[in-house]
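Engineer: Here it is, the structure, as structure tokens.
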Amino acid sequence: MHPFRVPVAAAVLCAATMLSAALATHALSTTSPPTLPSSSTSCDPAMCGGLRIEYPFWLGGTHPPECGYRAFQVTCDRNGTASLRNSFWTNQILEINYGDNNGTFRITNAQLADGTCDIELRVNASSDLSLAPFTISAANQAIFFLYNCTDLQAQPPPLAWAPINCTNANTSTFNSFALLAGGYKPDDKWEPVPGSCTVSMMPVLGYPGATGADYRRLMKSGFLLEYTADDCRACEESGGLCRINTTYDIFGCLCSDGLSDLIICGSSGSKRTSKIILIGMLTLLPFSHV
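Residues -24 to -1, 1 to 266, numbered by mature numbering (1 follows the signal peptide of the UniProt record, and there is no 0), are exactly what the sequence shown covers, in order.
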């Protein structure tokens, strides 16, 4: 027999012994509660004013980036005002309604909520949310701003058109009005309005009895957005913690043995690991023929 070859029976016995030891160690580790990394508590809910920030949102400066998706990053100023971090406009978050997979939150555009008349330039400020994983809720109404209506000398404006009272003297809003319409439909092509007006539109949540004359209150109250996120509860119920792979901005479940490639922690990954150990051992052993 070649001095560097091992009999098959001895090789298999050696591999079986090593595998048994590995499985015994694994069994001991699974009989006790899983111990998660010490940094796992860093994603606990945080407060900004009276607003609770938790997955899929995360508070910059308090939570590490793996606590939530990029688009859900929140900033909190010294006054306790929460805003979406990655928006072109300052979108202040007024409330968040968390759900298992789906939720809603209400925002207002800080540049418009003060009642100034920078409408022509800024009224379509919801457009910067189109690339984010948010959907403008069908619960919103559409408010139209009709400004510089040049052909209203021959006929008065419709009764539903509320004159805009501008507080910004540098803004040209000749014969300008606000009109509160029905459900917000951003993809619809609206018919031309009388008066040769330039038209812009924004979503507002609305309230019973509101009209275009309430445009300041409507804009300040904001509008509702919907979001969808991966199921955090399933991960937590399996003993894990919800985390985000910051490289790919995708969900991962943090388990006692690391970040799972599944949305939950469980034994399937351990069984797969055991099989890999066995295959690796048998491949590396120098077998000889009988």
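A virtual CB, placed ideally from N, CA and C, is assigned to each residue, including glycine.
Values in this document were obtained by computation on a predicted structure and should not be read as measured data.
Using only alpha-carbon positions, find the residue among Thr204, Thr223, Pro40, Ile239 that is nearest to Glu213.
Structural biologist: Ranking the options by Cα distance to Glu213, first place goes to Ile239.
Engineer: Drop a sphere of 10 angstroms on the beta-carbon of Gln49, count the other beta-carbons inside from all chains shown, and report buried for 16 or more, exposed for fewer.
Structural biologist: Burial call: buried.
Engineer: Who pairs with Pro139 in a beta bridge, going by DSSP?
Structural biologist: Answer is Phe153.
Engineer: Leaving aside the five residues before and after His39 along the sequence, list all residues of the same chain whose C-beta is less than 8 Å from its C-beta, in chain order.
Structural biologist: So the qualifying residues of the chain are Ser18, Cys19, Ala22, Ile29.
Engineer: Closer than 8 Å by C-beta to Pro13: which residues in its own chain qualify, once you throw out the five before and the five after it? Chain order, please.
Structural biologist: With a pLDDT of only 46 at Pro13, under 50, the local geometry of the prediction cannot be trusted, and the value read off the model is given with reservation. Leu230, listed in sequence order.
Engineer: With burial defined as no fewer than 16 other Cβ atoms inside 10 Å of the residue's Cβ, what is the status of Asp76: buried or exposed?
Structural biologist: By the 10 Å Cβ count, Asp76 comes out exposed.
Engineer: Which first and last residues belong to the beta strand (DSSP E) in which Leu194 is found?
Structural biologist: Run containing Leu194: none in the beta strand (DSSP E); it sits in the alpha helix (DSSP H), 191 to 197.
Engineer: I think Trp137 touches Leu155, with their Cβ atoms under 8 Å apart; what is that distance to the nearest whole Å?
Structural biologist: Yes, Trp137 and Leu155 are in contact; Cβ-Cβ is about 5 Å, under 8 Å.
Engineer: Do we get a CB-CB distance below 8 Å when we pair Gly26 with the residues of chain B?
Structural biologist: This model lacks chain B altogether, as it is built from one protein chain only.
Engineer: On the criterion of 16 or more Cβ atoms from any shown chain inside 10 Å, does Phe64 qualify as buried, or is it exposed?
Structural biologist: Exposed is the call here.
Engineer: Leu201 and Ile119 - do their beta-carbons sit closer together than 8 Å?
Structural biologist: No, Cβ-Cβ distance for Ile119 and Leu201 is not below 8 Å.
Engineer: Would you tell me roughly how many angstroms separate the C-alpha atoms of Cys218 and Gly228, rounded to the nearest one?
Structural biologist: Taking the straight line from one Cα to the other gives about 6 Å.
Engineer: Kindly indicate which three-state DSSP category Ala47 falls into: helix, strand or coil?
Structural biologist: In the structure shown, Ala47 sits in a helix (DSSP, three-state: H, G or I).
Engineer: Rounded to the nearest angstrom, what separates residue 269 and Pro139 at their Cα positions?
Structural biologist: As shown, the chain starts at -24 and ends at 266. That puts residue 269 outside it, with no answer to give.
Engineer: Just how far apart, CA to CA, sit Cys52 and Thr66?
Structural biologist: Straight-line Cα distance between these residues: approximately 12 Å.
Engineer: With DSSP collapsed to three states, give me the class of Arg209.
Structural biologist: DSSP places Arg209 in helix when its eight states are reduced to three.
Engineer: Could you please give the first and the last residue of the uninterrupted beta strand (DSSP E) stretch that includes Thr84?
Structural biologist: Where Thr84 is concerned, the enclosing beta strand (DSSP E) stretches over 78 to 85.
Engineer: Does Ala205 pass the burial test, meaning 16 or more other C-beta atoms within 10 Å, or should it be called exposed?
Structural biologist: Burial call: buried.
Engineer: Have a look at Thr80 and Pro184 and give me their C-alpha separation to the nearest angstrom.
Structural biologist: So the two alpha carbons sit approximately 20 Å from each other.
Engineer: I'd like to check one pair, Ala47 with Pro109: are the Cβ atoms closer than 8 Å?
Structural biologist: Going by C-beta atoms, Pro109 is nearer than 8 Å to Ala47.
Engineer: Please list, in chain order, all residues of the same chain as Cys208 whose beta carbon is under 6 Å from its beta carbon, the five residues on each side excluded.
Structural biologist: Taken in chain order, the residues that qualify are Tyr31, Cys218.
Engineer: Taking 8 Å as the limit between beta carbons, can you name the residues of its chain near Gly159, skipping five residues before and five after?
Structural biologist: Within the same chain, Gly159 has close Cβ partners Ala114, Asn116, Gln117, Ala118.
Engineer: Between which two residues does the beta strand (DSSP E) holding Phe227 run?
Structural biologist: Where Phe227 is concerned, the enclosing beta strand (DSSP E) stretches over 226 to 231.
Engineer: Out of curiosity, what's the CA-to-CA distance linking Leu122 and Gly188?
Structural biologist: Roughly 11 Å between the two C-alpha positions.
Engineer: Could you tell me how far apart the beta carbons of Thr57 and Gly25 are, in whole angstroms, since I believe they sit closer than 8 Å?
Structural biologist: Confirmed, about 6 Å.
Engineer: Can you tell me which of the three DSSP states Cys52 falls into?
Structural biologist: Here Cys52 sits in strand by DSSP.
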